[in-house]
Each structure stands twice: as structure tokens, then as C-alpha cells.
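Working notes for the structure below.
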Amino acid sequence: MKQKSEGAKGFWMWIIFLFVALSIYGLPQNIKNNISSIVRAGLFSPFVWVDSQYKIMRDNLSRLIRTERELAQTKLELQNSIEEKLENQRLRKLLDFKSNSKYSLILAEIVGIKGMKFPAGLIINKGKRDGVEDNMPVLTADGAIGRVKSAGTTTSVIQILLDPALKISVLDQRSRVVGMLVSPDARKLLMEQVPADEDIAVGDRIIASGYGGIFPKGILIGYVISVSEPPEGMFKRIVVEPSASLSRIEEVFVLKDMNADSSNIDTIETKIHPTK
Numbered sequence: 170m171k172q173k174s175e176g177a178k179g180f181w182m183w184i185i186f187l188f189v190a191l192s193i194y195g196l197p198q199n200i201k202n203n204i205s206s207i208v209r210a211g212l213f214s215p216f217v218w219v220d221s222q223y224k225i226m227r228d229n230l231s232r233l234i235r236t237e238r239e240l241a242q243t244k245l246e247l248q249n250s251i252e253e254k255l256e257n258q259r260l261r262k263l264l265d266f267k268s269n270s271k272y273s274l275i276l277a278e279i280v281g282i283k284g285m286k287f288p289a290g291l292i293i294n295k296g297k298r299d300g301v302e303d304n305m306p307v308l309t310a311d312g313a314i315g316r317v318k319s320a321g322t323t324t325s326v327i328q329i330l331l332d333p334a335l336k337i338s339v340l341d342q343r344s345r346v347v348g349m350l351v352s353p354d355a356r357k358l359l360m361e362q363v364p365a366d367e368d369i370a371v372g373d374r375i376i377a378s379g380y381g382g383i384f385p386k387g388i389l390i391g392y393v394i395s396v397s398e399p400p401e402g403m404f405k406r407i408v409v410e411p412s413a414s415l416s417r418i419e420e421v422f423v424l425k426d427m428n429a430d431s432s433n434i435d436t437i438e439t440k441i442h443p444t445k
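Each residue of the sequence shown is one higher than the last, beginning at 170 in the numbering used here.
So, in C-alpha cells, the structure goes:
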């Protein structure tokens with residue numbers, strides 16, 4: 170009975186389909202075109218929707234990629250602009266220092282690091298071909314950096330103040346007390362060999378004494394940041410902070426003319442580094 174019922178349904182479905190087809194066939198052409206358009210729209214509308222959504226997503230993705238590229242380019246241009254501004258500020262400071270100095274100075278750029286252990290030597294892009302020689306003082310507009318440890322033909326290695334092997338005779342600019350600047354642990358500078366009864370105070374400017382043959386008298390070394398007197402000691406413990414940041418050096422001066430008149434150095438140095 171069930172099979173007969175299903176067969177009857179199929180038969181009547183064919184009859185209805187045939188009737189509809191014949192009815193449509195006999196209709197005017199414009200009505201048939203309208204019916205055909207409605208049928209096609211119903212059949213293909215899901216595919217048309219999917220295609221349109223794909224195009225929208227593709228266009229949005231293209232715009233997003235283009236926007237990200239433009240944003241990255243803008244960030245790069247901004248960074249370059251900031252870097253150029255900072256470089257111009259550094260160069261102006263260096264030129265001001267050079268124009269006020271009575272010494273013959275060789276401007277050099279830090280191009281590398283010598284050695285893996287701190288404090289490593291700094292490599293500059295000037296050498297004997299440019300007039301650089303061993304033991305010449307090296308400084309920035311902010312003060313001393315170190316000395317030329319080894320001068321090559323086109324590059325040189327700089328030994329910085331924090332190198333324990335480097336010792337410099339220094340002078341308290343206010344009290345005129347002389348001491349020896351050393352860095353026993355490669356982390357801080359100490360002004361040693363200063364008797365406990367000598368006048369040294371926090372904030373005092375420490376300059377090169379002119380003894381020892383490395384730095385001319387008056388070159389700024391740093392500032393006293395700590396003074397203490399050990400209970401059972403003959404000498405003060407004086408900690409000095411370098412006036413030049415040894416970790417942020419990009420350009421330096423090599424002091425070439427060691428025979429220049431040093432009587433004006435205190436005055437010149439004071440103009441560039443006003444008393445704190």
C-alpha cells in the first residue's frame with residue numbers, strides 16, 4: 170500500500186509539472202522572460218551572494234595591507250626624522266665645542282667594539298693616516314672618554330676611563346687637591362690617594378691635572394658623587410661620575426695638539442660645562 174501511495178504521488182507530480190510547463194509554454198514571451206528571471210534569481214542568488222562577499226573580503230584585505238604598509242612607512246620616516254634631529258643636535262654640540270677649543274681636534278665616529286669583556290675598547294674610524302697616534306687623549310663635548318690605546322692606519326682602539334689598566338692624574342677644580350683616578354672594578358671611578366683631611370665635597374668638578382702625559386690640564390673628567398672616610402684609613406674614598414656618558418658615545422674627538430697653551434683650558438671648559 171505504501172509503495173502504491175508513493176507511486177501515485179510521483180504520477181501526480183509529473184502531471185502537475187507537465188501542466189505547469191504547458192501553461193508557461195503558451196504564455197506570451199515577455200511573461201515567460203519574467204518567470205525565467207525569477208527562477209534564475211532563485212537558483213543562483215546564493216552563489217551570487219557568496220561571490221559578492223568574497224570580493225568584499227578581498228577588497229577589505231587589500232585596503233588593510235595597503236594601510237599597514239603606509240603606516241609602517243610613516244613610522245620609518247618619523248624615526249628617521251627623529252634620528253636626523255638628534256644627530257644634528259649632537260653635531261652642533263661637537264662643532265660648538267671644537268670652535269671654543271684651543272686644541273687641534275680630530276673628529277671621529279665610533280664604528281665598533283674591541284673585545285667581548287667589559288670594559289671593551291671602542292673602535293673609531295680614524296687612524297695614523299688622519300694624524301691619530303698612540304696615547305692621544307679622547308674626549309667628547311661633555312668631557313674625557315679615554316686615550317688611544319692602539320692607532321692603526323685607518324682605525325684606532327680607544328681605552329675608556331673604566332678600564333682598570335688606565336690611571337689618570339686628576340685635580341679638584343675647586344680645592345685644587347690632586348689625586349689618582351682609577352676604576353678597580355670596571356664599574357665606577359675612584360679618586361684615590363687623597364688624604365682624609367683634604368677638602369673634597371660632593372658636586373666638585375674633577376679635571377685632568379696635566380701630570381702623567383695623557384690629558385692636558387683642565388679637561389673635564391667628571392663630578393664627585395660620594396665622599397667617605399673609612400674609620401681606619403688614611404685616605405678618603407671618593408667616587409667620581411664621568412661627565413661624558415661612556416655607554417652612549419657615537420662621536421668623539423681625538424686631541425691632537427698636546428703642546429697647545431693649557432692656561433686657557435679652565436676658562437674654555439667652564440664655558441662649555443657651566444658649574445653645577
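Note that beta-carbon positions come from the ideal geometry of N, C-alpha and C, so glycine has one too.
Beta-bridge annotation (DSSP): Tyr380 is not paired with any residue. Secondary structure in the segment 295-319: the beta strand (DSSP E) runs of 3 residues or longer, each lying completely within the stretch, are 306-309 in chain order.
When DSSP reads this structure, Val396 sits in a beta bridge with Ile407. Apart from the 5 residues on each side of it in sequence, Gly402 sits with its Cβ closer than 8 angstroms to the Cβ of Ala365 in its chain, given in chain order. Your pair Leu359 and Ile407 checks out as a contact, with CB atoms roughly 6 angstroms apart and the cut at 8 angstroms. The C-beta separation of Val301 from Val317 comes to about 6 angstroms, placing the pair in contact by the 8 angstroms criterion. The Cβ neighbour count for Tyr392, taken over all protein chains shown within 10 Å, is at least 16; the residue is labelled buried.
Of the candidates Ile337, Ala241 and Arg374, the residue whose Cα lies closest to the Cα of Ser344 is Arg374. The alpha carbon of Val421 has as its nearest neighbour, out of Ile275, Gln248 and Arg235, the alpha carbon of Ile275. In this structure Val371 is exposed. Its beta-carbon is surrounded by fewer than 16 other beta-carbon atoms within 10 angstroms. Only exposed fits Lys244, as fewer than 16 other CB atoms lie within 10 angstroms of its CB. In this structure, DSSP gives Asp341 an extended state, which the three-state scheme calls strand. Under the DSSP assignment, Glu367 falls outside any beta strand (DSSP E); it carries neither an H nor an E label.
Under DSSP, the beta-bridge partners assigned to Gly348 are Val339.
The distance from the Cβ of Leu350 to that of Val339 is about 5 angstroms, consistent with a contact at the 8 angstroms cut-off. Put simply, the backbone Cα of Ser412 is about 40 angstroms away from that of Leu240. The alpha-carbon separation between Gln342 and Arg261 amounts to approximately 27 angstroms.
Its Cα nearest to that of Pro333, the residue Gly290 stands out among Gly290, Lys425, Ala320 and Gly381. Non-local beta-carbon contacts of Asp354 in its own chain, meaning distances under 8 angstroms to residues more than five positions away in sequence, involve Pro333 in chain order.
In this chain, the beta strand (DSSP E) harbouring Ala277 covers Leu274 to Lys283. Excluding its 5 nearest sequence neighbours in each direction, Leu335 has C-beta neighbours in its own chain below 6 angstroms: Gln328, listed in chain order. Pairing Thr322 with Lys297 gives a Cβ-Cβ distance under 8 angstroms.
For Ser325, the enclosing beta strand (DSSP E) stretches over residues Ser325 to Ile329.
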